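J.: Before I ask anything, let me first share the structure, which is written out below as structure tokens.
See the structure below:
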């Protein structure tokens, strides 16, 4: 198992970690509803699931059970 010969200083450790940054999320606006949402993600608006301006799932209309 690897074992360091000398202690790594806090400065050297922090220099290595400078590239680990939190990125700002990309926010898009739906062309149909005008709702802000994350890019490449579907979003719910008034009981409907939208993706790229089109309705994928519509929960606002109740389905009829046919037996």
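Numbering (the working numbering), first residue to last: 14 to 80.
No residue lacks a Cβ here, since even glycine has one placed at the ideal position from N, Cα and C.
Predicted, not measured: the structure shown is a model, and the values here were computed from it.
(1) If you follow the beta strand (DSSP E) that residue 42 is part of, which residue opens it and which one closes it?
(2) Could you tell me which residues DSSP pairs with residue 51 in its beta bridges?
(3) Whether or not the stretch 39 to 50 and the stretch 62 to 73 are in contact is what I'm after, with contact meaning three or more pairs of Cβ atoms, one per stretch, closer than 8 Å; do they touch?
(4) According to DSSP, is residue 34 part of a helix, a strand, or is it coil?
(5) If you measure between the beta carbons of residue 56 and residue 63, is that distance less than 8 Å?
T.: Let's see:
(1) 40 to 42
(2) 40
(3) yes
(4) coil
(5) yes
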